[in-house]
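**Student:**
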Amino acid sequence: MEDYKFLFKVVLVGNAGVGKTCLVRRFTQGMFPPGQGATIGVDFMIKTVEIEGEKIKLQIWDTAGQERFRSITQSYYRSAHALILVYDVSNQPTFDCCPEWLREIEEYASPKVLKVLVGNKIDREDREIPSEVGEEFSQRHGMYFLETSAKASDNVERLFTEIAQDLLQQARSRDLPSYNSPSVQQILDPAGANFGTSSTLRQKCCQSGT
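Sequential numbering of the sequence shown, starting at 1405, is according to this note's numbering.
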């Protein structure tokens, strides 16, 4: 059995075509899948990272953006420790839909879930949404903000690593017991954890990548 102490569930949401699957593949497999088709329902991948000497398993759920899958994907919000709302910086309608996605998050997810707004595809030259617009939206709605490029691998590692670091800090604040046995892991309940209040992402994720 793999040795890890914490397992965190991270869920990506957003319109179809914004690059959610590519972000997950870039982080977990180190690759950019060209011509990636739309996700059908929900898919997930796992990656273990080490933060401050602790092994953390990230279970990353990639949800479909199409309307017909909404009833399926909404059920995954409730147990999420972190929710990443992704839009395409070169596609204005994907950003315009962010308030609708945020309403779903607020309805179905824990009120203490860590929320991160991500503007993807910053490698494209036909940008339509300035960084300042995304940052203003995130600040208005109590979210962290980061811009990424799955294709160019800009800020992808940073995104997931800092989410893991933020969640770890929140887990430690609960004075959880330490387990040395690889057969015992801490699997946190997002409804009972005060996620999203530490300074890690607040200090760093409000900076746009280039």
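Backbone N, C-alpha and C define an ideal beta-carbon position, used for all residues, glycine too.
Under the three-state reduction of DSSP, which class applies to residue 1538: helix, strand or coil?
**Tutor:** Helix.
**Student:** If we count the other Cβ atoms within 10 Å of its Cβ and call it buried at 16 or more, is residue 1452 buried or exposed?
**Tutor:** It is exposed - the Cβ of residue 1452 has fewer than 16 other Cβ atoms within 10 Å.
**Student:** Tell me, which residues are paired with residue 1490 by DSSP?
**Tutor:** The partner list for residue 1490 (beta bridge, DSSP) reads 1522.
**Student:** Below 8 Å on the Cβ atoms is my guess for residue 1559 versus residue 1501; work out the distance and round it to an integer in Å.
**Tutor:** With 8 Å as the limit, residue 1559 and residue 1501 do not qualify as a contact, their Cβ atoms being about 22 Å apart.
**Student:** Among 1466, 1461 and 1531, which has the Cα closest to the Cα of residue 1407?
**Tutor:** Answer by Cα proximity: 1461.
**Student:** Hey, quick one: how far does the beta strand (DSSP E) through residue 1551 stretch, first residue to last?
**Tutor:** Counting along the chain, the beta strand (DSSP E) containing residue 1551 begins and ends at 1548-1551.
**Student:** Hey, would you say residue 1525 sits closer than 7 Å to residue 1492, going by beta carbons?
**Tutor:** Closer than 7 Å, so yes.
**Student:** Could you check whether residue 1555 and residue 1527 sit closer than 7 Å to each other, using their CB atoms as the reference points?
**Tutor:** In contact: residue 1527 and residue 1555 (Cβ atoms closer than 7 Å).
**Student:** If you draw a straight line from the alpha carbon of residue 1433 to that of residue 1464, how long is it in whole angstroms?
**Tutor:** If you take the alpha carbons of residue 1433 and residue 1464, they lie about 12 Å apart.
**Student:** Drop a sphere of 10 angstroms on the beta-carbon of residue 1547, count the other beta-carbons inside from all chains shown, and report buried for 16 or more, exposed for fewer.
**Tutor:** The residue is buried, with at least 16 neighbouring Cβ atoms inside 10 Å.
**Student:** Inspect the beta-carbon positions of residue 1424 and residue 1517 and report whether they are closer than 7 Å.
**Tutor:** Their beta carbons are not under 7 Å apart, which means residue 1424 does not touch residue 1517 by this criterion.
**Student:** Would residue 1414 and residue 1486 be called neighbours here (beta carbons separated by less than 7 Å)?
**Tutor:** Yes.
**Student:** Using C-beta distances below 8 Å, list every residue in its chain close to residue 1584, excluding the 5 sequence neighbours before and after it, in chain order.
**Tutor:** Since pLDDT at residue 1584 reaches only 35, below the 50 mark, its modelled position is unreliable, and the value read off the structure follows with that caveat. Counting only Cβ-Cβ distances below 8 Å, and skipping sequence neighbours, we find nothing.
**Student:** I need the straight-line Cα distance from residue 1496 to residue 1534, nearest angstrom please.
**Tutor:** In a straight line, the C-alpha of residue 1496 is about 10 Å away from that of residue 1534.
**Student:** When you compare each of 1569, 1545 and 1498 to residue 1515 by their alpha carbons, which one comes out closest?
**Tutor:** Nearest option by C-alpha distance: 1545.
**Student:** Secondary structure at residue 1460, three-state DSSP: helix, strand or coil?
**Tutor:** The answer is strand: DSSP assigns residue 1460 an E or B state.
**Student:** Would you tell me roughly how many angstroms separate the C-alpha atoms of residue 1619 and residue 1561, rounded to the nearest one?
**Tutor:** Limits of the chain in this structure are 1405 at one end and 1614 at the other, which puts residue 1619 out of reach.
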